[in-house]
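Novice:
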Amino acid sequence: MEESYWSRNFILILIGNALLFMVYNMQVPVLPLYGKQLGLTPAQIGVFVGAIMFAALVTRLFVPWFSAHFSKRLLLVVGILLYLLAAVGYPLLSSFGLLVLLRLFNGLGHGITTTYFATSAADELPHQKIGEGMGYFGIGTMVTASLAPLLALAVVHHYGFTAFFLTCIGVLFAAMLAIMGTTKPTAPAARAKATAPVFDRQFLPQCGLVFILGVLMSGVMTFTPIYAEIQHLTTISGFFFIAAVAGVVIRPIVGRMFDHRGPRLILLLSTVLLTLGMVLIALIDRNWLLLLAGVFYGVADGAIYPTLQAWLFKVTSIHNRDTATGMFLNAYDLGMGLGAVVLGWVVEAVAYRGMFLILAVVACGYVALALGLSRGTKRI
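Heads up: the sequence shown begins at 1223 in the working numbering, then just goes up one per residue.
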């Protein structure tokens, strides 16, 4: 009889992960608006929003040590508690320094949870069902990610920022209950030593490309809500919703293309769409243009990231997979965090339209770089 992977633990872990990522994606479009209301400059908003990625990056360097000393269930509880601490503290603070400090705590939780939700789910799956099971696990994340910006911006628009943070707290409590409901936590490996390498130069092509992708994505996610508000556009929630839906729809198509053609064609088409999306965002003065930009941006984001990840796994031996995955996640987060900070300074120098036009130029260069680094990979 075929073994089912729909165990109680797997379902609860899937739900907990989806809810936590819902909070993360709710905060993406709202925190820049919150910082603007508090009087933060664009550069300060960039630092405030991007701090989570730097903290997550540093946290992942200690994952082998965490795994050796604590159960994954306990680590997930701690990670969600750090998320809760931040959600409670954001509406109570107005000082830039304290907000950044709180965002760093949020980043500790983000680094822990993004690592251990996925590995906990994989631990619950039969070996022959890992691919299929993790596919469903990822769909749960994508569905909540598509709904989160729409819900978040609607709550802020109708009820204000306090109601938004209370909503985040409620969702995080639900995620905590899901994890607390799991059984048979994975115990720490007794006296294990954290000796795994955290860097390998053979993964630099994929990690370099995902780093630049993170910079480009940070510009869109951090500053598009503010720019749309300045332009008196009312469809920013629709932009994020359409982008998320486009990303969900394109992923299965991209997966089949990758299996038959490799990464090169996908990277060519998707990076061109990314460039067009950046140009449209820079030039938006109509709601329909913003929504069209969301389609291009969503397809590009939904195609480039999983293609780079699949390409990485294709050229990685099973013994180096932990190192490769850690480098890949950290490169993306570093790009997101550094991008938010640097682009905040760029906005102060050339305004929002100028910043998005600069990103369009960077995206043009990204097309050429992706083609160059993926040369010879038609079928891998």
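From the three backbone atoms N, C-alpha and C, an ideal C-beta is built for every residue, glycine too.
1) Quick check on Met1439: buried or exposed, where buried means 16 or more other Cβ atoms within 10 Å of its Cβ?
2) So, is Ile1434 buried or exposed, given that buried needs 16 or more other C-beta atoms within 10 angstroms?
3) Using a Cβ-Cβ distance under 9 Å, would Phe1386 count as near chain B?
4) Pick from Val1271, Ser1342, Met1364 and Met1248: whose alpha carbon is nearest that of Gly1566?
5) Which same chain residues, not among the five before or five after Pro1313, have their C-beta less than 7 Å away from its C-beta?
6) Which stretch, first to last residue, makes up the alpha helix (DSSP H) that contains Glu1451?
7) Spatial neighbours of Leu1304 within its chain, please: C-beta separation below 7 Å, excluding the five flanking residues on both sides.
8) May I ask whether a heavy atom of the ligand MG can be found less than 8 Å away from the beta carbon of Val1572?
9) Could you tell me the alpha carbon to alpha carbon distance between Leu1496 and Gly1477, rounded to whole angstroms?
10) By the DSSP assignment, the alpha helix (DSSP H) with Arg1486 in it spans what residues?
11) Less than 8 Å between the CB atoms is what I'm expecting for Thr1549 and Cys1390, so what's the real figure, rounded?
12) Do the region 1497-1506 and the region 1574-1591 touch if we need at least three Cβ pairs shorter than 8 Å?
13) According to the Cβ coordinates, are Gly1561 and Gly1524 closer than 9 Å?
14) On the criterion of 16 or more Cβ atoms from any shown chain inside 10 Å, does Ala1370 qualify as buried, or is it exposed?
15) Name the residue from Ser1368, Gly1594, Ile1458 and Ala1400 whose alpha carbon lies nearest to the alpha carbon of Val1378.
16) Less than 9 Å between the beta carbons of Leu1263 and Ile1302, yes or no?
17) Give the range of the alpha helix (DSSP H) segment to which Pro1348 is assigned.
Specialist: So, from the data block:
1) Buried: at least 16 other Cβ atoms inside 10 Å.
2) buried
3) Any reference to chain B falls outside this structure, which holds one protein chain only.
4) Out of Val1271, Ser1342, Met1364 and Met1248, Val1271 has the C-alpha closest to the C-alpha of Gly1566.
5) Phe1383, Thr1384 and Phe1387
6) Leu1426 to Ile1452
7) Phe1327, Asn1328, Leu1330 and Gly1331
8) Ligands displayed in this structure: none; no statement on the ligand MG is therefore possible.
9) 18 Å
10) Pro1485 to Leu1505
11) The question names Thr, yet the displayed sequence has Met at residue 1549. With 8 Å as the limit, Met1549 and Cys1390 do not qualify as a contact, their Cβ atoms being about 30 Å apart.
12) yes
13) no
14) buried
15) In this structure, Ile1458 is the residue among Ser1368, Gly1594, Ile1458 and Ala1400 with its C-alpha nearest to the C-alpha of Val1378.
16) It should be noted that the sequence gives Thr, not Leu, for residue 1263. Contact: no.
17) Unbroken run through Pro1348: none, as it is neither H nor E.
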